[in-house]
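The structure appears right after this line, and notes come after that.
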Amino acid sequence: MNRGKSLFLVIVLLFFCATAWAETIKIGAVVSVTGAASFLGEPQKNTLLQLQDLTNAKGGMDGRQVELIIYDDESDVNKCVMAARKLLDQDQVAVVIGPSISGNTLAITRFFSSAQVPLISCAAAEKIVFPVNPWIFNTPQLDRHAALKILQDAKVKGYTKLAILTVSDGYGQAGRAVLKELAKAQGFDLVADEVYSPKDTDMTSQLTKIKGVSPEAIICWGTNPGPAVVARNRMQLGLTIPLYMSHGVASDKFIELAGEAAEGLVLPAGRLTAVDQVPDDHPQKTVITDYVANYSQKFNAPISSFGGYAHDAFLLVHEAVTKGGSANPEDIRDNLEKISALPGTSGIYSYSPDNHNGLDEDAFIMVIIENGTWKVVP
Amino acid sequence: MSFLTVIDFSSLLQYLITGLTLGSIYGMTALGFTIILNSTGVINFAQGEFVMLGGMMSVYFMTALGLTEPVAVVLAVLGTTVIGALVERLAIRPVRQSPAINLVIITIGVSILIRGLVMFFWGKDTHVLQSFSGDTPIMFLGAAIMPQALWVLGVSAFLLVGFKFFFSKTLHGKAMLACSFDVKAASLVGIGVERMVLLSFMISAFVGAVGGVILAPITMTSYDVGVLLGLKGFAACILGGLGNPFGAAAGGIVLGILESLGAGFISSAYKDALAFVILLILLFAKPSGLFGQKDSKRV
Numbered sequence: 019m020n021r022g023k024s025l026f027l028v029i030v031l032l033f034f035c036a037t038a039w040a041e042t043i044k045i046g047a048v049v050s051v052t053g054a055a056s057f058l059g060e061p062q063k064n065t066l067l068q069l070q071d072l073t074n075a076k077g078g079m080d081g082r083q084v085e086l087i088i089y090d091d092e093s094d095v096n097k098c099v100m101a102a103r104k105l106l107d108q109d110q111v112a113v114v115i116g117p118s119i120s121g122n123t124l125a126i127t128r129f130f131s132s133a134q135v136p137l138i139s140c141a142a143a144e145k146i147v148f149p150v151n152p153w154i155f156n157t158p159q160l161d162r163h164a165a166l167k168i169l170q171d172a173k174v175k176g177y178t179k180l181a182i183l184t185v186s187d188g189y190g191q192a193g194r195a196v197l198k199e200l201a202k203a204q205g206f207d208l209v210a211d212e213v214y215s216p217k218d219t220d221m222t223s224q225l226t227k228i229k230g231v232s233p234e235a236i237i238c239w240g241t242n243p244g245p246a247v248v249a250r251n252r253m254q255l256g257l258t259i260p261l262y263m264s265h266g267v268a269s270d271k272f273i274e275l276a277g278e279a280a281e282g283l284v285l286p287a288g289r290l291t292a293v294d295q296v297p298d299d300h301p302q303k304t305v306i307t308d309y310v311a312n313y314s315q316k317f318n319a320p321i322s323s324f325g326g327y328a329h330d331a332f333l334l335v336h337e338a339v340t341k342g343g344s345a346n347p348e349d350i351r352d353n354l355e356k357i358s359a360l361p362g363t364s365g366i367y368s369y370s371p372d373n374h375n376g377l378d379e380d381a382f383i384m385v386i387i388e389n390g391t392w393k394v395v396p
Numbered sequence: 004m005s006f007l008t009v010i011d012f013s014s015l016l017q018y019l020i021t022g023l024t025l026g027s028i029y030g031m032t033a034l035g036f037t038i039i040l041n042s043t044g045v046i047n048f049a050q051g052e053f054v055m056l057g058g059m060m061s062v063y064f065m066t067a068l069g070l071t072e073p074v075a076v077v078l079a080v081l082g083t084t085v086i087g088a089l090v091e092r093l094a095i096r097p098v099r100q101s102p103a104i105n106l107v108i109i110t111i112g113v114s115i116l117i118r119g120l121v122m123f124f125w126g127k128d129t130h131v132l133q134s135f136s137g138d139t140p141i142m143f144l145g146a147a148i149m150p151q152a153l154w155v156l157g158v159s160a161f162l163l164v165g166f167k168f169f170f171s172k173t174l175h176g177k178a179m180l181a182c183s184f185d186v187k188a189a190s191l192v193g194i195g196v197e198r199m200v201l202l203s204f205m206i207s208a209f210v211g212a213v214g215g216v217i218l219a220p221i222t223m224t225s226y227d228v229g230v231l232l233g234l235k236g237f238a239a240c241i242l243g244g245l246g247n248p249f250g251a252a253a254g255g256i257v258l259g260i261l262e263s264l265g266a267g268f269i270s271s272a273y274k275d276a277l278a279f280v281i282l283l284i285l286l287f288a289k290p291s292g293l294f295g296q297k298d299s300k301r302v
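As they're listed, the protein sequences go chains A and B.
First residue of the first sequence: 19, per my numbering; consecutive thereafter.
First residue of the second sequence: 4, per my numbering; consecutive thereafter.
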């Protein structure tokens, strides 16, 4: 009989262990660790894994341990769809972070509305959050915010004739549309609208054409390495027209690639780019310094704002779960919408039922490249 | 913004200079295609990878081994030449008897392998080399010429003359040409066909690497620059007439200038499309290319 009792006890214990195991909060993530967008996905994966460890060491979210399930979509839209299905159907996660790229995000949003699980994307396209899908959020600053910031600066400097030079991929063309719309609305005169392809290695033709219509400033919109080529070609042609870059190149890699040609260029960037120049009393100061310290200590790699997007997504989930005291997908969604003035690495988030991006143009600061480093424009 | 205000002499000159520089590199890649084609009858689609290896190896030798740029550049060119030899030894020679189409597909495989290995070991970042003689542009009639562009033009011209001499005057060059006409006949007159094929792979890897090295300061380099350069080089090859070294170089320059003028005068968004449309029209009119000879068989 004794043996029967102890066996019963073991079974009961096992049962409790199993329920305690089920009590962990499952957070899914699908990011592009390899493939063309690996420069986005790799820091995002590192960031998420580190946050999981840090959070669990501090007692988890709302007293429960966090279990992170990360899939790599290899920057491929089909793999991303498969990963999303797996997270929803098989892993039954409470919330999903990612994907890294806009195209992949747009391809999987419909699964989330039908599964009723919130998705916090690390991609920036406006289509992700406009029009609002109740289940879809994103963390990066929008192109619109960056364009507004650049045009504000141009207005202060008294420029009226602008030229734009954009890359022919999704990022560049979204930027081009926003720039054209906002420049027109704010009364700028757009005298040239040139395009280059992502793999182009020489933009002298475009710049020569732009030079011919003598604008007062050029706005270049692209991700590395194209804009570095534009900067170098501008110097090679001896052009003195001021050149704005987009936030897509706000990383030290750009300064390395463009070298001397980067000097004097002005661009919008998140505060993460110039950590030590953020004033101590700024609400984002603590979260940014902590993130930079933790990340660079563990991975011995330079910080990137892309990793910050995943950091903020995790932070938002943490806030929603802790404040709401529940890790049900529906509750997380509802509580995300209640988040207000939460400082993250990319900006200060205030979500609402009709705003699922939560940032405004103040998430950016204008920086100028001087002596090979970033300097905040006052 | 009228169309006419955009056309002034200095802009036109600038477009031509840009096109000439880009075109020389397309031409050099095309030259590499031609050399292997002439001795084996195979189009080597790993040619773009040789170009990439030239640039990436220089970067590697400089950053990882701390060598100075001239030493790194020479080592990179030699290293790529050795890789060219390895490709022939390991991938082509064991299946030498297969039909040409199989060998072509093998070269595609080799190019994917090389690209993958470089990505895996040296990363996916873009890298930059310093210009060989500074970044101060030389102003010429209102157009800016980069010193590096002069390097590109000079080295391409030098290589071209060198190969003309090699193929028409030296024993090895003539032997390689003989192999391309008829392998059996060539071996019957005592030419070591296998050695010639090995040599052709080494030479074309050498040309590719030289192109990659002198191009890297202008266009920067990364593991995947070879794809587009290979494609453009191949197009230049076809444009100039397959198998003609001078045609290949000229084809490259024509393609480069078409692209540059297209971007300048018509639309930068469609410059690649424009260049290829003109290529297509040309081939409809003259299927053997600008300088190609009609294939004729004596019965």
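Just so it is clear, CB atoms sit at the ideal spot from N, CA and C, and this is done for glycine as well.
- Task: With 8 Å as the threshold, decide whether the Cβ of glycine 188 of chain A is near any Cβ in chain B.
- Result: So, not an interface residue.
- Since alanine 287 of chain A contacts phenylalanine 382 of chain A with CB under 8 Å, what's their CB separation in whole angstroms? 7 Å
- Message: Do isoleucine 119 of chain A and serine 186 of chain A count as a contact pair if the criterion is CB distance below 8 Å?
- Response: no
- Message: Can you find the residues in the same chain that come closer than 6 Å, C-beta to C-beta, to glutamate 337 of chain A, ignoring five residues on each side of it along the sequence?
- Response: Ile357, Leu360
- Sub-8 Å separation of leucine 197 of chain A and alanine 246 of chain A beta-carbons: no
- So which residues of chain B does alanine 246 of chain A contact, with C-beta pairs closer than 9 Å? Thr129, Val131, Met223
- Message: Quick check on the burial criterion: 16 or more other C-beta atoms within 10 angstroms. Buried or exposed for leucine 120 of chain B?
- Response: exposed
- If we ignore side chains and look at the alpha-carbon of each, how far apart do glycine 277 of chain A and alanine 188 of chain B end up? So the alpha carbons of these two residues sit roughly 56 Å apart.
- Per DSSP, what kind of secondary structure is tyrosine 369 of chain A in: helix, strand or coil? Reduced to three states, the DSSP call for tyrosine 369 of chain A is coil.
- Can you check DSSP and say which residues form a bridge with arginine 82 of chain A? BP columns for arginine 82 of chain A point to A:Met79.
- Is the Cβ of lysine 227 of chain A closer than 8 Å to any Cβ of chain B? yes
- Could you say which of B:Leu285, B:Ala276, B:Ser114, B:Lys274 lies nearest to glycine 254 of chain B if we only look at CA atoms? B:Leu285
- Message: By DSSP's criteria, phenylalanine 143 of chain B is part of a beta bridge. Which residues make up the other side?
- Response: DSSP output for phenylalanine 143 of chain B lists B:Ala146 as bridge partner(s).
- Listing by chain order, which chain A residues have their CB less than 8 Å from the CB of glutamine 50 of chain B? None at all; the shortest Cβ gap to chain A is about 17 Å.
- Rounded to a whole number of angstroms, what is the C-alpha to C-alpha distance between leucine 58 of chain A and threonine 157 of chain A? Whole-angstrom Cα-Cα distance: 14 Å.
- Would you say threonine 258 of chain A faces chain B, with C-beta separation under 8 Å as the test? no
- Task: Give the residues of chain A in contact with threonine 21 of chain B, contact being defined as C-beta atoms less than 7 Å apart.
- Result: Result: Asp220, Thr222, Ser223.
- Among A:Phe129, A:Gly188, A:Cys140, A:Cys238, which one has its Cα closest to the Cα of leucine 285 of chain A? A:Cys238
- Taking only beta carbons into account, state which residues of the stretch 91 to 103 of chain A come closer than 9 Å to chain B, listed in chain order. none
- Cβ of serine 5 of chain B less than 8 Å from any chain A Cβ? Only weak support exists for where serine 5 of chain B lies, its pLDDT of 43 falling under 50; the value from the coordinates is given anyway. Answer no: the Cβ-Cβ gap between serine 5 of chain B and chain A never drops below 8 Å.
- glycine 215 of chain B to glycine 326 of chain A span [Cα, whole Å]: Rounded to the nearest angstrom, the two C-alpha atoms are 36 Å apart.
- Message: Looking at chain A, is there any beta carbon in it that lies within less than 8 Å of the beta carbon of glutamine 17 of chain B?
- Response: yes
- Could you check the C-alpha separation between isoleucine 39 of chain B and threonine 226 of chain A for me, to the nearest Å? 38 Å
- Task: Determine the extent of the alpha helix (DSSP H) in which leucine 245 of chain B is found, giving its start and end residues.
- Result: Leucine 245 of chain B -> no alpha helix (DSSP H), and no H or E assigned at all.
- Message: Need the endpoints of the alpha helix (DSSP H) that asparagine 193 of chain A sits in, please.
- Response: Looking at the sequence provided, one finds glycine at residue 193 of chain A rather than asparagine. Per DSSP, glycine 193 of chain A belongs to the alpha helix (DSSP H) from 188 to 203.
- Under a Cβ-count criterion, where at least 16 other Cβ atoms within 10 Å of its own Cβ denotes burial, should histidine 300 of chain A be classed as buried or exposed? exposed
- Smallest Cα separation from tryptophan 153 of chain A: which of A:Asp161, A:Ser323, A:Leu160, A:Ile138? A:Ile138
- Task: Please name the residues in the stretch 24 to 38 of chain B whose beta-carbon is closer than 7 Å to at least one beta-carbon of chain A, in chain order.
- Result: Leu25
- Any idea if threonine 2 of chain B is buried or exposed, counting beta-carbon neighbours within 10 angstroms, 16 or more meaning buried? Any question about residue 2 of chain B goes unanswered here, given that chain B covers just 4 to 302.
- Work out the CA separation of arginine 96 of chain B and isoleucine 104 of chain B for me, nearest whole Å. 15 Å
- Item | Listed by chain order, chain A residues near leucine 231 of chain B by CB distance under 8 Å | Chain A residues near leucine 231 of chain B: Lys217.
- Query: Can you give, in chain order, each stretch of the alpha helix (DSSP H) that sits fully within the stretch 90 to 173 of chain B and has at least 4 residues?
  - Reply: 103 to 125, 150 to 172
- Find the residues of chain A that neighbour glycine 267 of chain B, judging by a C-beta separation of less than 7 Å, and give them in chain order. Ser223, Thr226, Lys227
- Contacts that aspartate 138 of chain B makes with chain A (C-beta to C-beta distance below 9 Å): Arg250, Met253, Gln254, Gly277, Glu278, Ala279
- Query: When Cβ atoms are compared, which residues of the stretch 309 to 332 of chain A fall closer than 8 Å to chain B?
  - Reply: none
- Any beta-carbon of chain B closer than 8 Å to the one on phenylalanine 212 of chain A? The sequence shown places glutamate at residue 212 of chain A, not phenylalanine. So, interface residue.
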